[in-house]
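What follows is one structure encoded as structure tokens, with my remarks underneath.
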Amino acid sequence: MISSGRHNLDMYNTDRTIPRAPLVKSFARAGLSNLYKGSALYIRGRPALRGLSPVVWAIAPQMWKGPPIGPDLGVLRTPLSAHCAGRSPAPPPPFGDLMTWMIRPDAFVAFENEEIRNSLSRYIRVVRGEEAPLFRIAQRIRVDISGGLWKAHEEGLNVMKEFLSGECDLEDQGQISLLDVKIRLAKELARNCRLCEWKCGVNRLEGEIGVCRVRGPRISSAFIHMGEEPPITPSGTIFFSGCNFKCVFCQNWDISQYPESGKPVSERDLSIMMDRLRRSGARNINLVGGEPTPNLPSILAALPLTSEDFPIIWNSNMYMSEEATKLLIGIVDLWLPDFKYWDDECARKYSKVVRYRETVTRNLKIAYELGDMIIRHLVLPNHLECCTKPILKWISDNTPNALVNIMAQYRPEYMARNYPEIDKRVRRDEMVEAYRYADDLGLKWRSVS
Ligand code: SF4
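Position 304 (the sequence shown) corresponds to 349 in our numbering; numbering is contiguous.
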């Protein structure tokens, strides 16, 4: 059990049940293999220093005595430059300007990219501390619940939208906060579980399990992820065990298909993890898994217990129920959804889910209302016509301001060998065609793909 005040989750895997060296597993998951070839950790295109990188990350900030390098990313409470000038008695954070510059130079300058600035403007302001994250605003909004929780929720969200557009100030009237209303509603959804589109109807609060087999929140690992898209790296990533999908090519199958893996955490534990990741230099808190949806009640309940301000990233398969998606509105600053399939038959075959397209497109439309968005689409081999092209077309028609990560890194893992058509890497000509099609549609993909 993880106990409060004794976390050191930034740097190592908490899951002792997985028989791999913790550091290696953690950093492999951090996406080092995706680092750009211009990175200082690569020699002639080969990840020659991969094994050393944890050590480098751990000790280099302590040793750095030179002048500050590059612009301040706005992610550090104690910028390295201040420390070097002897103005701060606090030890330097384990991840800082120098580390980001060395490991992910593209992330270092991401906020100067026009495409990113245009699509993620509010997220960037929250990262820099110029605006409050949405969950803090939800904490400030007071609502009257005499007409019922869902009615109060709708009214609270309207107040938030008016506040964000500068049409009103927040008043201290009402019985409870909008965030508290969301927490209560999420617990109600879990009582007769309708957190995701499976709508199993089991009482999760009493320990019953549904399709996802998740009981309470368990964390597989939590660390500063250096392998995400440039604007969200370094990312304070929290991996929840368990998932409501059964993707045959899942790269995180040891987390997603084993909900009993990892360590059980309380809401207080979660809040401490979030604060520590932010203090360690994370631009954001990135909720992922597995899948975060089955843990929504605990995630929401952890937020008022935090003391740091940070943007929330919802890194999800977007198979939430409509009610759960609405609860996330006004909490999530940056949506990071997967859009895997267009053809429902592909979704059934490879992820064992039904009504995929109608569920995900419905939720994407709701999410697009409030919060910035980076949509991820993993191009599967032999799925350009049935999935990739219709998905890109839907994005251009419905969420045109979203950034799109058209991902080429598919590799057959887990049970993909049982499906010959996807038991291979995606071909170069398929990726070229996907990028060409995205250009024809005018999609914003180059800055994050
Ligand atoms: S989260 Fe989804 S899959 Fe899990 S029990 Fe609830 S409705 Fe079922």
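Where a beta carbon is used, it is the ideal one built from N, C-alpha and C, also for glycine.
Would you identify the three-state DSSP class for residue i, choosing helix, strand or coil?
i      : result
Asp189 : coil
Ser361 : strand
Met460 : coil
Val449 : strand
Arg313 : helix
Arg421 : strand
Thr406 : helix
Ser265 : strand
Ile283 : strand
Trp497 : Because the chain spans 46 through 494 in this model, residue 497 falls outside it and cannot be assessed.
Val120 : Because Val120 carries a pLDDT of 38, less than 50, the predicted location of this residue cannot be relied on, and the following value inherits that uncertainty. In this structure, Val120 counts as coil in the three-state DSSP scheme.
Ile330 : strand
Lys308 : strand
Lys291 : coil
Gly487 : coil
Pro138 : Its pLDDT being 41, under 50, Pro138 is placed unreliably by the model, and nothing is read from it.
Lys70  : Only weak support is given to the placement of Lys70: the predicted model assigns it a pLDDT of 39, under 50, and the value that follows is read from those uncertain coordinates. It is helical.
Gln454 : coil
Ser84  : For Ser84, the predicted structure reports a pLDDT of 31, less than 50, and the residue's modelled location is therefore unreliable. The matter cannot be settled from this model.
Is the distance from the Cβ of residue i to the Cβ of residue j below 9 Å?
i      : j      : result
Val449 : Leu488 : yes
Ser280 : Asn331 : yes
Cys257 : Gly246 : no
Pro262 : Pro309 : yes
Asn360 : Phe290 : no
Ser265 : Ser306 : yes
Tyr168 : Leu348 : no
Ile182 : Phe208 : yes
Lys284 : Ile300 : Position check: residue 284 holds Phe in this sequence, whereas Lys was assumed. In this structure, Ile300 lies closer than 9 Å to Phe284 by Cβ.
Pro382 : Ile420 : yes
Ser366 : Lys206 : no
Leu345 : Ile376 : yes
Leu372 : Leu250 : no
Asn427 : Glu466 : yes
Asn408 : Tyr364 : yes
Lys469 : Pro457 : yes
Tyr482 : Lys434 : yes
Ile277 : Asn329 : yes
Ile374 : Leu415 : yes
Leu224 : Phe180 : yes
Cys431 : Asp388 : yes
Ala152 : Asp354 : no
Arg236 : Asn248 : yes
Below 8 Å on the Cβ atoms is my contact criterion, and I expect residue i with residue j to pass it. Report the Cβ-Cβ distance as a whole number of Å.
i      : j      : result
Cys292 : Tyr395 : 6 Å
Tyr401 : Tyr386 : 6 Å
Pro342 : Ala267 : Contact doesn't hold; Cβ gap of about 19 Å is too wide.
Pro304 : Leu240 : The pair is not a contact, with the Cβ atoms about 14 Å apart (cut-off 8 Å).
Tyr455 : Leu425 : 6 Å
Cys295 : Tyr459 : 5 Å
Ser9   : Asn446 : Nothing in the structure corresponds to residue 9, since the chain is present only between 46 and 494.
Val509 : Gly201 : This structure cannot speak to residue 509, because the chain is shown only from 46 to 494.
Val333 : Thr282 : 6 Å
Ile411 : Thr370 : 5 Å
Query - Touching by the beta-carbon criterion (3+ pairs, under 8 Å), the stretch 172–188 and the stretch 217–234 - result: yes
Query raised in the report: Taking the runs of the alpha helix (DSSP H) that are 4 residues or longer, which of them lie wholly in the stretch 171–248?
Result: 179–185, 194–209 and 223–236
Query raised in the report: Taking three-plus beta-carbon pairs below 8 Å as touching, is the stretch 189–202 in contact with the stretch 319–333?
Result: no
Query raised in the report: Between the stretch 152–165 and the stretch 477–492, are three or more C-beta pairs nearer than 8 Å?
Result: yes
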